[in-house]
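Everything on this sheet refers to the single structure shown next.
Protein chains: 2
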Amino acid sequence: MRTSNLLSDATHIMLCVDLFDADQLSSNLIAASVNTNPVVVRRIMSKLKVAGLLATVSGKAVPTLTRKLENITLLDIYLAVDSANLLHVDELTNKNCVIGGQIGHTLSKYYDKVQRSAYDELAQITLKDVAHDLTLNK
Amino acid sequence: MRTSNLLSDATHIMLCVDLFDADQLSSNLIAASVNTNPVVVRRIMSKLKVAGLLATVSGKAVPTLTRKLENITLLDIYLAVDSANLLHVDELTNKNCVIGGQIGHTLSKYYDKVQRSAYDELAQITLKDVAHDLTLNK
DNA sequence: CAACCTGTCAATTTTAAAGTTACAGGTTGG
DNA sequence: CCAACCTGTAACTTTAAAATTGACAGGTTG
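The listed protein sequences correspond, in order, to chains U and A. So the first sequence is numbered by this note's numbering: it starts at 1031 and just counts up by one. So the second sequence is numbered by this note's numbering: it starts at 1031 and just counts up by one.
What follows is the structure, encoded as structure tokens:
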């Protein structure tokens, strides 16, 4: 199992940047919404910046999204912040065994299919969708 | 946290049970193929047994599959050994915040869609497929 | 220049998988 | 019947990655 909140928190941060007022966008205030540490927020924002989803200015609390909400998908965010595969091949099997020597290669082929399918779904969910649902429930 | 090999190892074990000779099916020998500890193998086998995929006899090294290879899918195995969701909602957001209060519920709806898609793919991969690919590469 | 901020490093804590030891109890051949 | 296997579990310890936290260099601004 792999319990990481990276995608959820990164999405949360992106929505904060879009929805909060310009004077509420310090990592401190965003961290208060996510309920975590400001350093965690800045670390995630740094990854989002590297991925080109977010623009920041050193010293100024004025992050901005680089694209419109409808042009940012959960896959964009996932790939920006989480480098792990959804399923994991055991790399340490006994290579001298008939099964142990081949299963990794075989499984990774199938895992790729599964992950591709999940990625396709993530790519169809935009921040606009999420933001829309958020305001509906408000 | 950590990347789990539960699905891979459980699949590996199931294939060992199917492909190995009857006198090679102790948890010790399977563990040698997976390259792990016999207790880890027995722990996974126990979950597979609870899920009804594997039949074992206490004291005897004669585990057997309860169904034909083509009737066991990677989803069956995944659900047997891994209880975690593929994506994880941050449950600890600030519920007093407009975004923090709603995003968990909203994201989980989308995460469900993604997971359903991944599950659909896993459900289409049978142990027969995997076994077939293994022997091809041999 | 005081009071903010970002960006990043580094140390620590946390959590679940993985690894290990131990042991109760089933099985089997000689 | 007992020695040598085995299973099934409980109860640890270890490991890996995320999360948390403190610290600090350096940008920004009234």
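Idealized CB from N, CA, C, for every residue including glycine.
For A1114(U), the residues of chain A that pass the 9 Å Cβ criterion are T1033, in the order they occur in the chain. In this structure, A1110(A) places its C-beta atom within 7 Å of the C-beta atom of L1083(A). Using a Cβ-Cβ cut-off of 7 Å, N1058(A) is close to nothing in chain U; its nearest Cβ partner there is about 13 Å away.
Ranked by Cα distance from V1128(U), the options A1052(A), T1033(A) and S1063(A) are led by S1063(A).
In the DSSP assignment, T1086(U) falls within the unbroken beta strand (DSSP E) covering L1084 to V1087.
At least one CB atom of chain U sits nearer than 7 Å to the CB of I1155(A). Cβ-Cβ separation between T1123(U) and N1065(A): approximately 5 Å, consistent with a contact (criterion under 8 Å). Close CB contacts of P1093(A) within its chain, under the 6 Å cut and outside five residues either way in sequence, are with V1047, L1055, L1084 and T1086 (chain order).
The residue among Y1149(U), K1125(U) and H1118(U) with its C-alpha nearest the C-alpha of L1137(U) is H1118(U).
When rounded, the separation of the alpha-carbon atoms in V1070(A) and D1051(A) is 21 Å.
Using beta-carbon distances, V1111(A) does not count as an interface residue toward chain U, since no partner is under 7 Å. Contacts between G1130(A) and chain U, judged by CB atoms closer than 8 Å, involve H1042, S1063, V1064 and N1065 in chain order.
In the three-state reduction of the DSSP assignment, K1125(A) falls in the coil class, being assigned neither a helical nor a strand state. In the DSSP assignment, V1092(A) falls within the unbroken beta strand (DSSP E) covering K1090 to L1095.
If you ignore the 5 residues before and after K1125(A), its C-beta comes within less than 8 Å of the C-beta of G1131, all in its own chain and listed in chain order. A distance below 8 Å between beta-carbons, with the five flanking residues on each side excluded, links L1078(U) to the following residues of its chain, in chain order: A1040, I1043, M1044, L1084, I1107, A1110 and V1111. Boundaries cannot be given for A1052(A), as no alpha helix (DSSP H) includes it and DSSP labels it neither H nor E. Secondary structure of T1103(U) (DSSP, three-state): strand.
Taken through DSSP and simplified to helix, strand or coil, T1041(U) comes out as helix. L1164(A) counts as buried, since at least 16 other C-beta atoms from the protein chains shown sit within 10 angstroms of its C-beta. 7 Å or more divides the Cβ of L1099(A) from the Cβ of L1116(U). Across the structure, A1114(A) and M1075(U) are spaced so that their CA atoms are roughly 27 Å apart. Annotation for I1060(A): I1043, C1046 and V1071 place their beta carbon closer than 7 Å to its own, counting only its chain and skipping 5 residues before and after. In the DSSP assignment, N1058(A) falls within the unbroken alpha helix (DSSP H) covering S1057 to V1064. Under the three-state reduction of DSSP, T1033(U) is assigned to coil, being neither helix nor strand. Going by beta carbons, L1095(A) and Y1149(A) fall outside the 7 Å limit. In terms of Cβ geometry, S1147(U) and S1147(A) form a close pair [threshold 7 Å].
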